[in-house]
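Everything on this sheet refers to the single structure shown next.
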Ligand SMILES: Cc1cc2nc3c(=O)[nH]c(=O)nc-3n(C[C@H](O)[C@H](O)[C@H](O)COP(=O)(O)OP(=O)(O)OC[C@H]3O[C@@H](n4cnc5c(N)ncnc54)[C@H](O)[C@@H]3O)c2cc1C
């Protein structure tokens with residue numbers, strides 16, 4: 098729901114919503130088949146890139162659409178609502194490149210990523226490292242002008258399909274980010290089988306004595322934490338938007354079904370208890386959308402957004418989880434079969450409850466901000 102987003106071109110939102118809905122309808126069967134098989138639909142994704150839905154921030158002369166955070170949020174919400182391929186990983190990657198890459202790195206990767214023809218992944222998590230980067234074991238050692246990287250990464254969306262992966266590793270200077278071409282000797286990948294977001298399948302990525310040139314470093318050696326945190330405020334809004342999209346789809350589909358389903362002398366949506374459920378879920382989605390819109394507008398205005406984006410994702414997780422859970426109150430048994438979307442939505446939203454900043458990590462940050470501020474962040 099777009100309650101208070103500010104768009105540069107007032108005609109862009111409706112035109113984009115209509116175009117994305119038509120596109121999703123046209124590709125529905127193929128998307129469903131890929132979802133079942135956990136297969137990345139590369140041609141559909143490239144077609145999304147052609148429409149400008151994969152590179153919202155990237156400047157037009159580098160293959161993108163040159164838009165802002167509000168437009169990015171709308172694209173991500175429609176992706177979640179319509180069940181399209183999430184461009185979130187690539188958009189975060191493009192942001193990394195725009196903020197930190199050398200002109201050569203930009204020229205090499207950015208246009209293809211923005212057009213959806215060059216696939217990017219981010220290799221941060223490790224089998225023993227998720228929420229805490231301090232335990233990272235992947236190493237990068239200098240060898241002349243080159244670096245040698247060794248380690249194991251896990252949960253990497255599009256790890257098998259990507260041509261370049263952003264690897265975080267411990268160098269002598271500290272945590273460092275490297276743009277690693279996945280066809281280099283020593284890089285190997287194996288698909289894993291996630292319950293959700295199956296259109297962008299996950300992989301384990303092994304790095305065995307991978308030699309990369311000095312020019313592969315993103316930013317500076319030892320400044321990996323700066324690059325790491327720089328994109329997360331923005332990407333939280335993408336996560337929040339997809340979550341709101343999942344919740345909207347679950348609730349709208351359930352209302353459409355429930356309003357036609359006769360039970361006794363009524364239809365399901367005539368029951369007072371069901372109407373309150375609809376009201377509560379709708380309110381939560383509305384509140385989450387407002388929080389997301391506020392954070393997006395602050396982001397576009399260049400303001401400090403860490404608390405606002407964290408709250409936006411936190412509220413979107415709750416609203417999405419509530420709507421997807423309660424959809425079953427309207428659908429009964431109808432929602433419990435795999436030819437409906439409800440089960441998949443439950444799994445998709447659970448992935449974004451954990452990945453890209455888990456609910457617990459978000460709650461820790463909000464609590465820290467409230468407890469440390471003199472006025473308890475506006476409470477006092
Ligand atoms: C489908 C999927 C896709 C993913 N995609 C990527 C990707 O593309 N690239 C990538 O690098 N990673 C990716 N991830 C990894 C994801 O970011 C991690 O799963 C996440 O950071 C949590 O790490 P963990 O799973 O190791 O949980 P742990 O760190 O082992 O934590 C376990 C639980 O404890 C909670 N917890 C942790 N710290 C605290 C605390 N201080 N207080 C309270 N609770 C806490 C966590 O929230 C979590 O629920 C993906 C994960 C999944 C499941």
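In the numbering used here, the protein residues as written are 98 to 477.
Glycine included, each C-beta is placed from N, C-alpha and C at the ideal position.
These figures come from a predicted structure and were not determined experimentally.
Whose C-alpha, out of 211, 247, 273 and 106, is nearest the C-alpha of residue 89?
Residue coverage of the chain in this structure runs from 98 to 477, which leaves residue 89 outside it and unanswerable.
Under the three-state DSSP convention, the category residue 273 falls into
strand
Is it true that the segment 161-174 meets the segment 125-139, where meeting means three or more beta-carbon pairs spaced less than 8 Å apart?
no
Touching by the beta-carbon criterion (3+ pairs, under 8 Å), the segment 183-199 and the segment 309-321:
Yes, the segment 183-199 is in contact with the segment 309-321.
Take residue 383 and list the residues in its own chain whose beta-carbon comes closer than 8 Å to its own, dropping the five residues that flank it on each side.
98 and 100
Report the CB separation of residue 153 from residue 139 in whole angstroms; it is logged as a contact under 8 Å.
Incorrect: roughly 20 Å between the Cβ atoms, too far for contact.
Which runs of the alpha helix (DSSP H) at least 4 residues long sit entirely within the segment 429-463? Give them in chain order.
439-451
With burial defined as no fewer than 16 other Cβ atoms inside 10 Å of the residue's Cβ, what is the status of residue 262: buried or exposed?
buried
Taking only heavy atoms of ligand 1 into account, decide whether any of them is closer than 7 Å to the Cβ of residue 299.
yes
Exposure of residue 284, with buried meaning 16 or more beta-carbon neighbours within 10 Å:
Residue 284 is classed as buried because its beta carbon has at least 16 other beta carbons within 10 Å across all chains shown.
Going by alpha carbons, who is nearest to residue 447 out of 223, 417 and 459?
417
Collapsed DSSP secondary structure at residue 244 in the structure displayed:
Looking at residue 244 - three-state DSSP - the assignment turns out to be strand.
Cutoff 7 Å; reference residue 227; Cβ partners in own chain excluding five residues on either side:
Same-chain partners within the cutoff: there are none.
For residue 230 versus residue 179, is the C-beta spacing smaller than 8 Å?
No, the pair does not count as a contact, with Cβ atoms beyond the cut-off.
Mapping the DSSP letters down to three states, classify residue 250 as helix, strand or coil.
Three-state result, residue 250: strand.
Please go through the same chain and pick out, in chain order, the residues whose beta-carbon is closer than 7 Å to the beta-carbon of residue 110, but skip the five residues on each side of it.
99, 104 and 171
Below-8 Å beta-carbon distance, residue 294 vs any chain D residue:
The structure shown contains no chain D; it holds only a single protein chain.
Give me the residue from 108, 450 and 370 with the minimum Cα distance to residue 409.
450
Would you report the Cα separation of residue 405 and residue 359, rounded to the nearest angstrom?
43 Å
Roughly how many whole angstroms lie between the Cα atoms of residue 236 and residue 190?
21 Å
Whole runs of the beta strand (DSSP E) within the segment 214-245, excluding any shorter than 3 residues
217-220 and 236-240
Are the beta-carbon atoms of residue 420 and residue 357 separated by less than 8 Å?
no
If you check the beta carbons only, do residue 188 and residue 218 fall under 8 Å apart?
Taking 8 Å as the Cβ cut-off, residue 188 and residue 218 do not qualify as a contacting pair.
How do the segment 199-212 and the segment 465-475 stand: do at least 3 beta-carbon pairs fall below 8 Å, yes or no?
No, the segment 199-212 is not in contact with the segment 465-475.
For the alpha helix (DSSP H) that residue 374 lies in, which residues bound it at each end?
369-397
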